[in-house]
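Heads up: the structure comes next, in structure tokens.
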Amino acid sequence: MPVKKAGIGDQGLGISEKETNPQSPTPNPRLLGLIAGMGQLPVSIATEAKKMGYYVVGIALQPPADESLRPVADAFHIIRLGSFGSLLSLLKKLSITEAVMAGKVPKKLLYENKKDIVPDLKAMKLLFSLKDLSDDSIMNAVVGELEKKGVRIHKTTTFTKPLLAPVGVLTRQKPSRDDMKDIEFGWAIARKIGKLDIGQTVVVKNRAVMAVEAIEGTDEAILRGGALAQKDAVVIKVSKPQQDMRFDVPAVGAATLHSMMKARAKVLALEASRCIIIDKDNFLREADKAGISVIGISPDNF
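Read left to right, the sequence shown gives residues 15 to 316 (the numbering used here).
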């Protein structure tokens with residue numbers, strides 16, 4: 015079967031020869047480019063964006079993204095991670111001027127899969143222009159380049175308001191007084207590591223730090239901290255003080271919960287109004303089944 019010329023619903027540009035079955039857009043549709051990493055957050059955002067009247071063009075960065083976005087998006091494309099020039103070309107060809115970024119792109123991929131992830135010339139120029147390879151440095155440069163090309167990047171939270179953690183206990187199980195002391199202790203540390211752009215999560219027990227999140231990500235930090243705590247660890251996840259809500263917004267999902275169960279952690283404290291709970295209703299049901307307390311916190315708690 016011949017590959018069609020690139021259009022809204024094609025792969026095109028030599029990026030992928032897999033064809034998709036795009037829905038026919040209305041005349042002059044309001045296009046939203048959904049630049050997707052791994053996990054279910056891109057699917058949640060696509061669903062919400064369509065309710066808001068957008069024609070959603072899913073752009074999966076592989077690796078690590080899978081194709082779970084394909085049946086939900088109105089059109090679907092695949093781009094190799096590191097092919098920044100191809101991404102810019104695709105957005106221009108499809109006349110996309112609004113976009114949102116969602117889903118994890120684990121930074122450790124840059125170190126583990128050097129043979130599989132080869133930055134193109136545009137990506138190399140961007141990386142060499144940076145003062146360091148911190149998350150904020152990389153993502154601010156990416157967003158800046160996209161906006162130079164006329165693509166406005168929306169805040170992730172524009173499409174996730176129903177999924178944001180509210181203030182208060184969200185499960186049947188409530189944190190104990192001792193747990194609340196651990197949360198207060200861990201909150202201050204999590205904010206400090208966030209300010210340094212190290213991570214967003216800290217694992218504590220009895221006012222002692224078991225683990226801080228770094229390049230390995232939240233789930234592995236929970237497992238590492240849980241192994242040291244042995245059981246009953248408290249996990250705190252917050253936004254950075256300088257958090258740009260267009261990217262790297264703190265989020266938890268099924269994998270987070272599974273890591274907590276495996277680590278026998280007992281409390282998950284999330285910054286209210288700034289942390290996303292993916293598939294929130296089901297997440298909280300499963301937390302209840304596991305006897306894990308989930309609480310939304312804010313500075314007013316302390």
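Where is the CB? At the ideal position from N, CA and C, for every residue including glycine.
Please read these numbers as outputs of a predicted model, since none were measured by experiment.
Beta bridge counterpart(s) of residue i as assigned by DSSP
i              : result
threonine 215  : Lys251
methionine 52  : Lys118
valine 266     : Ile291
isoleucine 345 : Absent from the model: residue 345. The displayed extent of the chain is 15 to 316, so no value can be given.
alanine 179    : For alanine 179, which the question treats as bridged, DSSP gives no partner whatsoever.
leucine 318    : A question about residue 318 goes unanswered here, because the residues of the chain that appear run from 15 up to 316.
alanine 222    : Lys219
Residue i - DSSP class collapsed to helix/strand/coil
i                 : result
alanine 227       : In the sequence on display, residue 227 carries glutamate and not alanine. If DSSP states are grouped into helix, strand and coil, glutamate 227 belongs with coil.
lysine 19         : Residue placement at lysine 19 cannot be trusted, given a pLDDT of 34 that sits under 50; what the coordinates show is reported in the next sentence. If DSSP states are grouped into helix, strand and coil, lysine 19 belongs with coil.
arginine 84       : coil
methionine 259    : coil
valine 281        : strand
isoleucine 110    : coil
lysine 118        : strand
glycine 26        : Only weak support is given to the placement of glycine 26: the predicted model assigns it a pLDDT of 36, under 50, and the question is left unresolved by the model.
alanine 286       : coil
leucine 210       : coil
serine 97         : coil
arginine 299      : helix
serine 307        : strand
leucine 193       : Contrary to the premise, residue 193 reads as aspartate rather than leucine in this sequence. Helix.
arginine 186      : coil
lysine 145        : coil
alanine 63        : helix
alanine 79        : coil
phenylalanine 199 : helix
phenylalanine 316 : coil
Rounded separation between residue i and residue j - CA only
i              : j                : result
proline 56     : lysine 303       : 26 Å
aspartate 88   : methionine 194   : 45 Å
glycine 164    : leucine 177      : 29 Å
leucine 135    : aspartate 262    : 24 Å
threonine 170  : lysine 254       : 15 Å
glutamine 244  : alanine 269      : 19 Å
asparagine 35  : phenylalanine 90 : Residue confidence for asparagine 35 is low, a pLDDT of 47 falling below 50, so the modelled location carries little weight; the figure read from the coordinates is stated next. Going by the C-alpha atoms only, they are around 8 Å apart.
leucine 105    : isoleucine 131   : 21 Å
proline 120    : aspartate 314    : 32 Å
glycine 51     : lysine 219       : 32 Å
threonine 191  : aspartate 80     : The sequence as given places arginine at residue 191; threonine does not occur at that position. Going by the C-alpha atoms only, they are around 42 Å apart.
asparagine 154 : glycine 182      : 32 Å
leucine 83     : isoleucine 306   : 30 Å
valine 308     : lysine 139       : 43 Å
valine 71      : proline 43       : 11 Å
asparagine 296 : serine 143       : 43 Å
glycine 213    : leucine 101      : 27 Å
lysine 276     : glycine 267      : 15 Å
glutamate 62   : threonine 174    : 7 Å
glutamate 126  : aspartate 146    : 19 Å
alanine 60     : isoleucine 49    : 10 Å
Given residue i as reference, the closest of the options once Cα atoms are compared
i                 : options                        : result
glutamine 257     : Leu46, Leu210, Leu48, Ile49    : Leu210
glycine 200       : Ala137, Val217, Ala60          : Val217
aspartate 233     : Ser253, Val223, Arg221, Leu271 : Leu271
alanine 179       : Met66, Ile59, Ile291, Asn296   : Ile291
alanine 228       : Glu300, Asp149, Ile197, Val181 : Asp149
alanine 222       : Glu230, Ile197, Gly213         : Ile197
glutamine 76      : Ala286, Lys118, Arg238, Ala301 : Lys118
serine 58         : Leu46, Leu45, Leu144, Val86    : Val86
methionine 224    : Ile250, Gly208, Arg44          : Ile250
valine 156        : Thr172, Met115, Gln187, Lys188 : Met115
leucine 282       : Val252, Asp293, Asn296         : Val252
glutamate 152     : Gly96, Lys206, Ile207          : It should be pointed out that residue 152 corresponds to isoleucine in this sequence rather than to glutamate. Considering only alpha carbons, the answer is Gly96.
phenylalanine 321 : Asn296, Glu285, Leu298         : What is shown of the chain runs 15 to 316, which leaves residue 321 out entirely.
leucine 237       : Met274, Arg205, Lys206, Arg260 : Met274
methionine 66     : Ile73, Arg205, Leu45, Glu230   : Leu45
histidine 168     : Lys188, Thr215, Glu112, Pro189 : Glu112
glutamate 230     : Ile92, Lys122, Phe98           : Lys122
lysine 206        : Val226, Ile49, Ile110, Thr185  : Val226
alanine 235       : Met259, Ala279, Arg260, Ala202 : Ala279
glycine 47        : Thr172, Gln54, Ile73           : Ile73
glutamate 161     : Ile110, Ala301, Pro133, Val248 : Ile110
Start-to-end residues for the beta strand (DSSP E) that takes in residue i
i          : result
alanine 89 : 89-94
serine 312 : From DSSP, serine 312 is part of no beta strand (DSSP E); its letter is neither H nor E.
valine 71  : 69-76
Endpoints, the alpha helix (DSSP H) within which residue i is located
i              : result
valine 132     : Valine 132 -> no alpha helix (DSSP H), and no H or E assigned at all.
asparagine 154 : 149-162
glycine 240    : 232-243
Residue i at chain B interface by Cβ criterion, 7 Å
i          : result
lysine 122 : Considering every chain present, this structure includes no chain B. It has just one protein chain.
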